[in-house]
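According to the working numbering, the sequence shown is numbered sequentially starting from 1400.
Backbone N, C-alpha and C fix where the C-beta goes; we use that ideal spot for every residue, glycine too.
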Amino acid sequence: MIYVLSDIHGNLRRFNSILEQIHLQPEDTLYILGDVIDRHPYGIQILCRIMEMPNVKMLLGNHEDMMMRALGSPYDTDELVNDSIIAEALRHWYHDEGQVTHEYWKRLDKEQQRAILDYLHSLPLNIDVTVNGKDYKLVHGAPLEMYGGKYRKQFCDAMQFALYKRLELSEELPGDCTVIFGHNPTLDYSDACPMRIVQSDDRIAIDCGSAAPEVPSFGNIHLYGRLGCLRLDDMKEFYSEERQ
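Dropping the structure here:
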């Protein structure tokens, strides 16, 4: 079986809830479309767990990119790094709720830190998979093939585009595959509450708001988040059990 989820954002309880439901077997594969870290406190622990799971494959997310830049170890090793650039990257990371991840990071020894950075540097930006004869392109933000034209004015390179671009339902996508993406909560594509996976003919939005707080505020739909997971073999949807 092939499973896809995205944007765990440090919520270990929600991640465990999904794993308990899908009963991942050695012959299965779980694809995680980035943004394992930040917002909730257990991002590094989840990341280390993923690193030890041979049948879990991860994409780089924009939050992992922010972390690497803030730690002076950008994905592109040829990129210029100096103290002022790192300071600005750290400010940007903290603005997007990365401090909770950084505080735990500081407790790791150098060997653990290096292993995590090496793993993040190895991650792809897009993955192509075929299930039951149907082609899918797994991305965090957007397919690399879309970069060009007007997007060159908005994003400095293809990597930034693939990680930070927020897809719109009306945008034309390349190729004949179905694009599965995270990064942008499905609240932007549907008024379902709590958030749920949104599917159309050529794209599937799968970030169901795991970044949201555990206890939603009354009347604030933005806070009704959970972790969603899609099984591509039969398109069955799974959702983390939420506290009332």
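Rounded to the nearest angstrom, how far is the Cβ of residue i from that of residue j, given a contact under 8 Å?
i, j, result
"methionine 1563", "histidine 1520", "Contrary to the premise, residue 1563 reads as tyrosine rather than methionine in this sequence. Wrong, their Cβ atoms sit about 18 Å apart, outside the cutoff."
"phenylalanine 1580", "alanine 1611", "The Cβ separation is near 18 Å, so there is no contact."
"isoleucine 1445", "isoleucine 1407", "6 Å"
"isoleucine 1417", "serine 1589", "At roughly 20 Å, the Cβ-Cβ gap does not stay under 8 Å, so isoleucine 1417 and serine 1589 are not in contact."
Hey, could you find the ends of the beta strand (DSSP E) residue i is sitting in?
i, result
"asparagine 1583", "It is not in any beta strand (DSSP E) - asparagine 1583 carries neither H nor E in the DSSP assignment."
Can you tell me whether residue i is buried or exposed? The criterion is at least 16 other CB atoms within 10 Å of its CB, across all chains shown.
i, result
"serine 1472", "buried"
"histidine 1422", "exposed"
"serine 1609", "buried"
"alanine 1486", "exposed"
"aspartate 1527", "exposed"
For a test of the three-state rule: what should DSSP assign to residue i, helix, strand or coil?
i, result
"lysine 1635", "strand"
"isoleucine 1620", "Summary for isoleucine 1620: the model assigns pLDDT 49, below 50, so the residue's position carries little reliability, and this model does not support an answer."
"alanine 1452", "At residue 1452 the sequence reads methionine, which differs from the alanine that was named. Note: methionine 1452 maps to coil in three-state DSSP."
"arginine 1551", "helix"
"leucine 1629", "strand"
"methionine 1558", "helix"
"tyrosine 1535", "strand"
"asparagine 1415", "helix"
Please list the terminal residues of the continuous alpha helix (DSSP H) segment that includes residue i.
i, result
"aspartate 1434", "Taken as a continuous stretch (DSSP letters only), aspartate 1434 belongs to no alpha helix (DSSP H), as it is neither H nor E."
"lysine 1509", "1509-1521"
"aspartate 1464", "1461-1469"
"arginine 1503", "In the sequence under discussion, the amino acid at residue 1503 is tyrosine, which differs from the arginine named in the question. Tyrosine 1503 -> alpha helix (DSSP H) spans 1498-1504."
key: Three-pair Cβ contact test at 8 Å for the region 1586-1603 versus the region 1564-1572   = yes
Touching by the beta-carbon criterion (3+ pairs, under 8 Å), the region 1451-1467 and the region 1431-1442 = yes
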